[in-house]
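Those protein sequences? They're chains G and Z, same order as listed. For any residue, its number in my numbering is found by taking its place in the first sequence, counting from 1, and adding 9. For any residue, its number in my numbering is found by taking its place in the second sequence, counting from 1, and adding 491. One structure is given here, and the rest of the page talks about it.
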Amino acid sequence: MAIQALSLRFGGVAALTRVSLEIRRGEILAVIGPNGAGKTSLLNSISGLYRPQEGSIRFFPAPDDEEGVELTRRRPDEIARLGIARTFQNIELFRHMTVLDNLLLGRHIHMRANVLTGGIWWGLAQREEIEHRAVVEEIIDFLEIEPIRRQPVGTLSYGLQKRVELGRALALEPQILLLDEPMAGMNVEEKEDMARFILDINEERGVTVVLIEHDMGVVMDISDRVAVLDFGSKIADGSPQEIRSHPDVIRAYLGQEHA
Amino acid sequence: MAETLPQLLVENAERWGDGRIALREKEYGIWQPVTWREYLGHVKAFCLGLVHLGLTPEDTVGIIGDNRPEWVYAELAAQAAGARSVGIYQDSIAEEILYIADHADVTFLVVEDQEQVDKVLEVIHRLPRVRKVIYHDPRGLRNYPEPLLMAFPQVEELGRAYEAEHPGWFEASVARGKATDIAILSTTSGTTSRPKLAMLTHRNLMSMARNLMAVDPLEPGDEYVSFLPLAWIGEQMMTINCGLTVGFTVNFPEEPETVQENIREIGPQVIFSPPRIWENMLSTVQVKIEDTTRMKRAIYRWALEVGYQMADTLFERRRPSLGLRLRYRLADWLVFAMLKDHLGLRRLKRCYTGGAALGPDVFRFYHALGVNLKQIYGQTEVGGISVVHRDGEIKFHTVGRPIPETEVRISEAGEILTRSPAVFVGYYRNPEATAETLQDGWLHSGDAGYFDEDGHLVVIDRLKDVMALRGGTRFSPQFIENKLKFSQYIREAVVFGHDRDYVTAMINIDFANVGKWAERRHIAYTTYTDLAQKPQVYALIRRDVERTNADLPEAARIRRFLLLHKELDADDAELTRTRKVRRRFIAERYQHIIQALYSGQEALEVETEITYQDGTTATIQTRLHIEEVA
Chain G
10 MAIQALSLRF GGVAALTRVS LEIRRGEILA VIGPNGAGKT SLLNSISGLY RPQEGSIRFF
70 PAPDDEEGVE LTRRRPDEIA RLGIARTFQN IELFRHMTVL DNLLLGRHIH MRANVLTGGI
130 WWGLAQREEI EHRAVVEEII DFLEIEPIRR QPVGTLSYGL QKRVELGRAL ALEPQILLLD
190 EPMAGMNVEE KEDMARFILD INEERGVTVV LIEHDMGVVM DISDRVAVLD FGSKIADGSP
250 QEIRSHPDVI RAYLGQEHA
Chain Z
492 MAETLPQLLV ENAERWGDGR IALREKEYGI WQPVTWREYL GHVKAFCLGL VHLGLTPEDT
552 VGIIGDNRPE WVYAELAAQA AGARSVGIYQ DSIAEEILYI ADHADVTFLV VEDQEQVDKV
612 LEVIHRLPRV RKVIYHDPRG LRNYPEPLLM AFPQVEELGR AYEAEHPGWF EASVARGKAT
672 DIAILSTTSG TTSRPKLAML THRNLMSMAR NLMAVDPLEP GDEYVSFLPL AWIGEQMMTI
732 NCGLTVGFTV NFPEEPETVQ ENIREIGPQV IFSPPRIWEN MLSTVQVKIE DTTRMKRAIY
792 RWALEVGYQM ADTLFERRRP SLGLRLRYRL ADWLVFAMLK DHLGLRRLKR CYTGGAALGP
852 DVFRFYHALG VNLKQIYGQT EVGGISVVHR DGEIKFHTVG RPIPETEVRI SEAGEILTRS
912 PAVFVGYYRN PEATAETLQD GWLHSGDAGY FDEDGHLVVI DRLKDVMALR GGTRFSPQFI
972 ENKLKFSQYI REAVVFGHDR DYVTAMINID FANVGKWAER RHIAYTTYTD LAQKPQVYAL
1032 IRRDVERTNA DLPEAARIRR FLLLHKELDA DDAELTRTRK VRRRFIAERY QHIIQALYSG
1092 QEALEVETEI TYQDGTTATI QTRLHIEEVA
């Protein structure tokens, strides 16, 4: 995916200013930056929740696809259908539904039967449901949430809810997974689990991962590349080692005088 | 006639083929079945894969992991090749795995997942004999470069290739198996020292299963849920030995956390669990009942009362009256059927508890529900069970009567001795321990016990913890203390009598429960000390002491007791942190009280120093009454 000269303004406030960024197939890319730097705005622009005023986001679904698809003018559901899934900073699940139902909802875009065809012949819908349940069960196994399969999401701990949300994003069978602070508010053990799941998703399922994260230990440990935003502009990108010693990054994080 | 477990498997596969389910594992939310033919297919492929990798009949295959079909395949595969297996508890730390694998001469380790692989790799450099470490859950292992690692299906693949080159090898190897071959090495629970490895032959394992099933028959098509560690002889006995002997279906839960739910889904015909599981189930029910509506609670209480009457009638082997039977029918319809369904106990033919004492209240509860819960006694060295309650002959304080082909007697020293075809052949590489345990074919259990008037065995304690009165009568303080503590009003008890003329007890009341009891009766009290010295409380506890005495031999009954003025406390070093009585320390600290217990006086004045949590000390002075029983 190639993001070029992306700008996003809310009235007179510039959230993103000419941000260009490349997301490579199969990598884990961390987006970091101080609060208000525009990290979430960037994810929202990719997933179609925000409409950037300038610039382009081109997504290349297949490796040999030179042309790509422009995302900036598309609706969120179209973008999801293209294979881009995400989780949110604040958990966005249906609290009164079970884990299983929440995950099955993630399969919604893959459903073919509709009210009309379902009304005429339910064989198709039934067969589809079995297929989708199989995909979802595979995810349940992957995320090790078998014991809570039938529990309403609202009764679960915060860490588990985060895991369920990740599961729902996976149920889309995405090519790119956008994770907005997947480890915020977790204890050390939950963070370790989540880091392991992210690595497994990336390596075993071949999903490209873009994550926003504040825990630098995690970022440096698991990501292949790091991009740094500050006041809506990208100030650096590169390997974790490069970023760690990058003067602009140190300045942005620690303030001018320390640099 | 099958002589070995793999031969039994081959017989079952020939008899039932794909027509019956041998195993089930819940995976991806569905119970995935394995037929008898497939069961044999996996065992055969894995066996030949191991042979291809160099397994010889002199080898031992170590198995570590949760209850999964692969665990069972690995054991039977080892045996089919003429080798043996050793189960290692899945929660063992690396050092323990090292000890057992090294001591048992393990050449192949079959482990479940990354967690176990990590532990094994930590010590692998000290296990030069190990040729392969085979895992069956590949998650997280993709980047392990370790050349010793191999995936379970890969080994099976090798086995199938081997089969093509050596057709008939497997069948011939299985047919060569003899009843006297060592089938497994089973770790004995070493609470004090390093675990010993008991060598059990196919004859041991199969005769034990046959004789248990003769007492408590099960049939093909019955269901069993395997959820306790397979390295434990009890689970080995049910899942593999009885499973193959009878041909019932063994079900493996999805995850350790889903066991309760999975039991409910399966509705097994038989369950074998230590007391902990039964106690947990009971307390879950009690908690839920407290949370429900007043109406439902009232119905539950009524039904349970009827259930208790029914259970007690049957325990006493009387015929229940028509009225009771009708009321029980109603109670069952209103409460018990649903409750049992909820707990997954509805289709039980019987279930067992063993390993430690289970309180009579727990026993009565399950029998009130109509659940046929029975006590067993056994040990690793007899392949599992040697003594069991017969249906309709339940006595709380006994473990029942020996199963067929099993002789049990009590030695001069009071030790339980067993002789049967299931008695093991010795400890692996430990002739000294073998000579100590196995004398003239009799297995020396190290347990003290006696037979009651009905021929039921009563297990008292470990022999080394048994004490003797001056007259020579043996008694176990811990056995009596545990019986006292079954009462909800007794929190802690210390029993004395070593080298004395009779048995006495020092008892701690349970402040919360006795306090509530006193409030309901409008008995005013101020402190713990005050409550403990109320005559009514003495009368209450006296009933518990008398009940305990009823189960004890005449000479070992509690003659005198007193209620202590303070709670025994780990902060005062009277208990260990795990709440075990520190007998010697207490004997010293309370010697004046013990003297009084043996002096015939009716009361004594005490003065004790106690340590508060902030470290300050204070002295209490009070008068303690001594109660005479019988």
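By construction, the Cβ of each residue, glycine as well, lies at the ideal position given by its N, Cα and C atoms.
Here DSSP, grouped into helix, strand and coil, assigns H888 (chain Z) to coil. Per DSSP, the unbroken beta strand (DSSP E) holding P524 (chain Z) starts and ends at I521 to T526. Interface with chain Z (8 Å Cβ-Cβ cutoff): R136 (chain G) is excluded. Restricting attention to alpha helix (DSSP H) runs no shorter than 4 residues, the segment 624–684 of chain Z encloses them at 643–656 and 660–667, ordered along the chain. Taking 9 Å as the upper bound on Cβ-Cβ separation, chain G lies near no residue of the segment 754–782 of chain Z. Contact annotation: D596 (chain Z) and D628 (chain Z) have beta-carbon atoms that are not nearer than 8 Å. By the Cβ neighbour-count rule, Y167 (chain G) is exposed, with fewer than 16 other Cβ atoms within 10 Å of its own. Contact fails between the segment 848–867 of chain Z and the segment 906–913 of chain Z, because fewer than three Cβ pairs, one in each stretch, are under 8 Å apart. Boundaries of the alpha helix (DSSP H) harbouring Y167 (chain G): Y167 to A180, taken from the DSSP string. With 16 or more other Cβ atoms inside 10 Å of its own Cβ, I66 (chain G) counts as buried. Following the DSSP letters along the chain, one finds V985 (chain Z) inside the beta strand (DSSP E) bounded by residues I981 to F987. For R116 (chain G), the nearest beta carbon of chain Z is not closer than 8 Å to its own beta carbon. Listed in chain order, the positions of the segment 934–965 of chain Z with a beta carbon within less than 7 Å of a beta carbon of chain G would be empty, since no residue qualifies. Closest in C-alpha terms to R620 (chain Z), from the list Z:G940, Z:E549 and Z:R767, comes Z:E549.
Runs of the alpha helix (DSSP H) lying entirely within the segment 525–567 of chain Z, each at least 4 residues long, are 527–543 in chain order. Of all residues in the segment 740–754 of chain Z, those with a C-beta nearer than 7 Å to a C-beta of chain G are E745, E746, E748 and T749, reading in chain order.
The beta carbon of L696 (chain Z) sits closer than 6 Å to those of A674, N732 and G874, all from its chain and outside the five residues before and after it, given in chain order. Setting aside the 5 residues that flank it on each side, R965 (chain Z) is surrounded in the same chain by G905, V957 and A959, each with a C-beta closer than 6 Å to its C-beta; the list follows chain order.
For a Cβ distance threshold of 8 Å, residue set A143, E146, E147, I149 and D150 of chain G lies close to Y519 (chain Z), ordered along the chain.
Using a Cβ-Cβ cut-off of 8 Å, G631 (chain Z) counts as an interface residue toward chain G, since at least one Cβ of chain G sits closer than that to its own. Z:D1063 is the residue among Z:G1091, Z:L1095, Z:A1078 and Z:D1063 whose C-alpha sits nearest the C-alpha of I1101 (chain Z). Given a length threshold of 4 residues, each whole run of the alpha helix (DSSP H) inside the segment 784–847 of chain Z is given here in chain order: 785–806, 813–822 and 828–834. Here the C-alpha atom of V776 (chain Z) lies approximately 18 Å from the C-alpha atom of C842 (chain Z).
Uninterrupted beta strand (DSSP E) stretches at least 3 residues long and entirely within the segment 706–747 of chain Z occur at 714–716 and 740–743, given in chain order. For E182 (chain G), no CB of chain Z lies under 8 Å from its own CB, so it is not counted at the interface with that chain. Annotated three-state conformation of D604 (chain Z) is coil, per DSSP.
For G115 (chain G), the three-state secondary structure derived from DSSP is helix. Identification of chain Z residues near E155 (chain G) by a Cβ-Cβ cut-off of 7 Å yields E745, E746 and T749, ordered along the chain. Between G115 (chain G) and L181 (chain G), the CB-CB gap stays under 8 Å.
Boundaries cannot be given for M195 (chain G), as no alpha helix (DSSP H) includes it and DSSP labels it neither H nor E. With a threshold of 8 Å between beta carbons, D110 (chain G) makes no contact with chain Z. Of the candidates Z:H1013, Z:V501, Z:T678 and Z:L1066, Z:V501 places its Cα closest to the Cα of G668 (chain Z). For chain Z, the residues of the segment 196–227 of chain G that bring a beta carbon within less than 9 Å of one of its beta carbons are R205, L208, D209, E212 and E213, in chain order.
Exposure of G132 (chain G) is indicated by the presence of fewer than 16 other C-beta atoms within 10 angstroms of its C-beta. By the Cβ criterion, the segment 1033–1047 of chain Z is not in contact with the segment 1082–1093 of chain Z, since fewer than three pairs of Cβ atoms, one from each stretch, lie closer than 8 Å.
For S232 (chain G), the CB contacts under 7 Å within the same chain, skipping 5 residues up- and downstream, are I37, L38, A39 and P249 in chain order.
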